[in-house]
Amino acid sequence: MEEIAAFIMASRWRAMAVAAVCALIGIYFLPLIVVSGAVIALVVLRRGLWEGGLVLIGAAVLTWLGFMWLPPRPGFPFPLSFVLWLPLMPVALVLRNTFSQGVALLTLWALMVAYVGLTHALTGDVTAFWKHWLALAVANVKGATVYGFEREGTLRLLNGLVAMLYALCVFAALALARWWQALLYNPGGFGEEFYHLRLPRWLLPLAIALIWGAGYIDKVLMVDLLLVSLAVYTIQGLAILHCLLDLQNASGLWMILVYGALLFVPQYAFVAVATLGAMDSLIDLRAWAAQSLGE
């Protein structure tokens, strides 16, 4: 991974090319979209907004030229990487200036709340919007219909789930970029910074108030805001778990189990880890654990 990061940082054109190639392959293998975003975030973190902006523009042009030659995909009129890159730029810039992943995560929460508000304002009915999008996306898939989503009530959750996944992907790209940066310029620095990731205490009552208030306006909006907040507190919960296991010199197998639960039983694991993250807003669990172990 260090060699990949060094290759990216060797020149502006290499960064553009790697971001574009990952973005194009990501059309068919979605995790590579996160890698494409990490390339741009790495440039912003190390060289600033201007250089990162140039890489983004160059990568966007190369990606678009490649996208035009690919077979069209219903429901995807443009590369998904473009959607990831836009919020990633300001979040990476905040991290560069503050050296705080907690402040960067707070910025991401604010951007995702804005995203939720915009989707509701611009579409008028997000459930109908996503129903139409799904109908386009499954049009060429034999036997696939939107009926199953309607029957299970998933359509009403879809905007919030998209916002939640959006937030997780942006932070994953940021974390990968910060790890690359640490490998090249500050060995061991990523873990130390991630262990101290902490959202401000005032965010929890603010998020609860927004979710509660949204419930009087639109139940779908309420769920969307709940899922966005669940995403950021899950990230904080993961930081706490990593830190606690490191303090106790515990096996990394525990975190593999946690990530496995998030992947295979997300309806339970996300709530549990996010609850841990929210609890840290009331009780500094890491400080408490460090004090207990010290005694």
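Residue numbers for the sequence shown, in the UniProt record's numbering: 1 to 295.
In this text, a Cβ means the ideal position worked out from N, Cα and C, and glycines have one as well.
{"query": "Given a threshold of 16 other Cβ atoms within 10 Å of its Cβ, counted over all protein chains shown, does Ser-251 qualify as buried or as exposed?", "result": "exposed"}
{"query": "Leaving out five residues before and five after Gly-66 in sequence, what residues of the same chain have Cβ atoms less than 7 Å from its Cβ?", "result": "Ala-20, Leu-24"}
{"query": "Suppose the cutoff is 6 Å on Cβ atoms and the five residues either side in sequence are ignored; what does the same chain contact list for Glu-295 look like?", "result": "Low per-residue confidence applies at Glu-295: pLDDT is 43, beneath 50, and the placement is therefore not dependable enough to give any value."}
{"query": "Do Leu-161 and Leu-80 have their CB atoms nearer than 9 Å?", "result": "no"}
{"query": "Report yes or no: do the stretch 30-41 and the stretch 161-178 share at least 3 C-beta pairs separated by less than 8 Å?", "result": "yes"}
{"query": "Name the one or two DSSP bridge partners that Arg-73 has.", "result": "Phe-76"}
{"query": "Do you know offhand how far Gly-191's Cα is from Leu-184's?", "result": "14 Å"}
{"query": "For Asp-280, count neighbouring C-beta atoms within 10 Å of its own C-beta (all shown protein chains included) and say buried if the count is 16 or more, exposed if not.", "result": "buried"}
{"query": "What are the boundary residues of the alpha helix (DSSP H) that Leu-30 is part of?", "result": "No alpha helix (DSSP H) contains Leu-30, which DSSP labels as neither H nor E."}
{"query": "Given a cut-off of 9 Å, decide if Leu-95 and Arg-178 are closer than it, judged by their beta-carbon atoms.", "result": "yes"}
{"query": "Just the Cα atoms here: how many angstroms apart are Val-103 and Phe-129?", "result": "32 Å"}
{"query": "Can we say the stretch 81-89 touches the stretch 40-51, given the rule of at least three CB pairs closer than 8 Å?", "result": "yes"}
{"query": "Between which residues of its own chain and Ala-274 is the CB-CB distance below 7 Å, once the five residues before and five after are set aside?", "result": "Leu-230, Tyr-233, Thr-234, Gly-237"}
{"query": "Taking the Cβ atom as the reference point for each residue, do Met-112 and Ala-163 lie within a distance shorter than 9 Å?", "result": "yes"}
{"query": "Going by the CB atoms, is the gap between Ala-15 and Ile-4 shorter than 9 Å?", "result": "no"}
{"query": "Pull up the distance between the alpha-carbon of Ile-283 and that of Thr-127, whole angstroms please.", "result": "38 Å"}
{"query": "So, is the C-beta of Tyr-259 closer than 9 Å to a C-beta in chain C?", "result": "The structure shown contains no chain C; it is built from a single protein chain."}
{"query": "Find the nearest neighbour of Asn-186 within the set Leu-45, Thr-119, Met-68, judged by alpha-carbon distance.", "result": "Leu-45"}
{"query": "Reducing DSSP to helix, strand and coil, say where Gln-101 ends up.", "result": "helix"}
{"query": "What residue from Arg-47, Gly-53, Trp-64, Gly-48 has the CA that sits closest to Cys-22's CA?", "result": "Trp-64"}
{"query": "In angstroms with no decimal places, state the Cα-to-Cα distance between Ala-59 and Ala-17.", "result": "6 Å"}
{"query": "Report yes if the C-beta distance between Ala-209 and Asp-224 is below 9 Å; otherwise report no.", "result": "no"}
{"query": "Under 8 Å by Cβ, that's how I've got Leu-193 and Gln-101 pegged, so tell me the actual separation to the nearest angstrom.", "result": "Looking at the sequence itself, residue 193 is Glu, so the reference to Leu does not match. Their Cβ separation, rounded to whole angstroms, is 6 Å, which keeps Glu-193 and Gln-101 in contact under 8 Å."}
{"query": "Tell me which same chain residues have a C-beta within less than 6 Å of the C-beta of Gly-48, skipping the five on either side of it?", "result": "none"}
{"query": "Considering only the alpha carbon of each residue, which of Leu-204, Leu-241, Met-255 lies closest to Val-228?", "result": "Leu-204"}
{"query": "Could you compute how far the alpha carbon of Trp-69 sits from the alpha carbon of Val-61?", "result": "13 Å"}
{"query": "Excluding the 5 residues flanking Cys-243 on each side, which residues of the same chain have their C-beta closer than 7 Å to its C-beta?", "result": "Tyr-195, Arg-286"}
{"query": "Measure from the alpha carbon of Arg-12 to the alpha carbon of each residue in Phe-99, Tyr-115, Leu-54, Val-265, then state which is nearest.", "result": "Leu-54"}
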